[in-house]
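Protein chains in written order, with the working numbering: chain A, 435 to 571; chain B, 309 to 438.
Below is the structure:
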């Protein structure tokens with residue numbers, strides 16, 4: 435792989451976190467991909483917004499609760515999480531229903547900053563258009 | 309143009325694998341290069357040689373294996389997704405104490421880094437799945 439070959443990777447998460455494996459296996463790609471020093475963004479739309487809902491508890495269904503991994507994304511330098519405003523609203527959710535996900539900005543005295551950005555559908559379309567590699571899960 | 313192909317669904321339950329196969333053939337027929345086909349999620353099920361569909365139906369595993377043989381295409385099955393679903397090569401089977409392997413000819417098991425690399429190296433990464 436040639437040096438300086440940086441592309442904009444966008445991972446689109448469209449499915450609910452539990453009930454299928456797509457969310458977990460998407461997260462696995464994001465974590466591995468972080469090691470490749472690409473420009474990484476995550477998008478949460480449709481039922482994908484449930485992936486970062488606060489207070490997830492999978493004890494009742496006996497499956498792995500990987501929700502806390504999203505909060506560690508900042509440690510992997512994955513700092514751009516875009517959540518579609520309309521998808522939240524359509525599901526009766528608001529930003530306050532999402533878990534806080536932050537990163538430490540080393541260029542700003544390690545200030546803790548929010549990774550989640552709410553964007554409207556038109557803005558989400560622009561983000562998708564401006565990406566080089568789009569992986570939808 | 310150099311293409312990367314991602315297959316995220318298993319054969320028969322979903323059209324994605326058939327479409328990806330036809331797309332890959334069309335890419336090659338068009339004189340383009342296929343950098344890699346990466347199988348993820350249930351897509352890894354395309355890579356088991358124990359697939360035995362009825363004789364009057366297509367055998368997707370065989371079609372992929374033949375395409376790999378004819379054109380030297382790199383067919384990569386994600387190791388984590390494959391292990392979850394019981395797709396093992398000889399060394400993985402040995403490592404996990406299983407009595408046999410089932411990876412199909414032309415397929416190899418490797419890591420998710422191969423998917424990211426396909427995204428970086430290909431001019432277009434085309435994903436087939438739900």
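Cβ coordinates follow ideal geometry from the N, Cα and C atoms, glycine included. In this text the structure is predicted, and so the values were computed from the model without any measurement.
Taking just the CA atoms, how far does residue 403 of chain B sit from residue 560 of chain A? If you number the first chain from 1, residue 560 of chain A lands on position 126. If you number the second chain from 1, residue 403 of chain B lands on position 95. Their Cα atoms are separated by approximately 46 Å.
Cα-Cα separation between residue 417 of chain B and residue 372 of chain B, rounded to whole angstroms: For the purposes of this step, residue 417 of chain B is identified with residue 109 of the second chain, where counting begins at 1. For the purposes of this step, residue 372 of chain B is identified with residue 64 of the second chain, where counting begins at 1. Their Cα atoms are separated by approximately 15 Å.
Can you list, in chain order, the residues of its chain with a C-beta nearer than 6 Å to that of residue 310 of chain B? Leave out the 5 residues immediately preceding and following it. As a first step, residue 310 of chain B is located in the second chain; it is residue number 2 there, counting from the start. Result list for residue 310 of chain B: 341, 343, 430, 431, in chain order.
With 9 Å as the C-beta to C-beta threshold (strictly closer), list the residues of the stretch 550-569 of chain A near chain B in chain order. 566, 567, 568, 569
Let me know if residue 544 of chain A comes out buried or exposed under the rule of 16 or more other beta-carbons within 10 Å of its beta-carbon. Taking the first residue of the first chain as 1, we reach residue 544 of chain A at position 110. Answer is exposed; the Cβ neighbour count stays below 16.
Listing by chain order, which chain B residues have their CB less than 9 Å from the CB of residue 447 of chain A? For the purposes of this step, residue 447 of chain A is taken as residue 13 along the first chain, with counting starting at 1. Correct list: empty, because the minimum Cβ distance to chain B is about 13 Å.
With 16 other CB atoms within 10 Å as the buried threshold, where does residue 436 of chain A fall? Here residue 436 of chain A refers to the residue found at position 2 of the first chain. Residue placement at residue 436 of chain A cannot be trusted, given a pLDDT of 47 that sits under 50; what the coordinates show is reported in the next sentence. Residue 436 of chain A is exposed by the Cβ-count criterion.
At a CB-CB cut-off below 8 Å, which residues of chain A make contact with residue 253 of chain B? Nothing about residue 253 of chain B can be read from this structure; chain B reaches only from 309 to 438.
So is residue 350 of chain B buried or exposed if we call it buried at 16+ other beta carbons inside 10 Å? As a position in the second chain, residue 350 of chain B is number 42, starting the count at 1. Under this definition residue 350 of chain B is a buried residue.
Going by the CB atoms, is the gap between residue 529 of chain A and residue 554 of chain A shorter than 8 Å? Walking along the first chain from the start, residue 554 of chain A turns up at place 120. Walking along the first chain from the start, residue 529 of chain A turns up at place 95. In this structure, residue 529 of chain A does not lie closer than 8 Å to residue 554 of chain A by Cβ.
Using a cut-off of 7 Å between C-beta atoms, extract the partners of residue 455 of chain A located in chain B. Here the question's residue 455 of chain A lines up with position 21 in the first chain. Simply 349.
Am I right that residue 375 of chain B and residue 332 of chain B are in contact with their C-beta atoms under 8 Å? What's the rounded C-beta distance? Here residue 375 of chain B refers to the residue found at position 67 when the second chain is read from its first residue. Here residue 332 of chain B refers to the residue found at position 24 when the second chain is read from its first residue. Going by Cβ atoms, the distance from residue 375 of chain B to residue 332 of chain B rounds to 7 Å, so yes, they are a contact pair.
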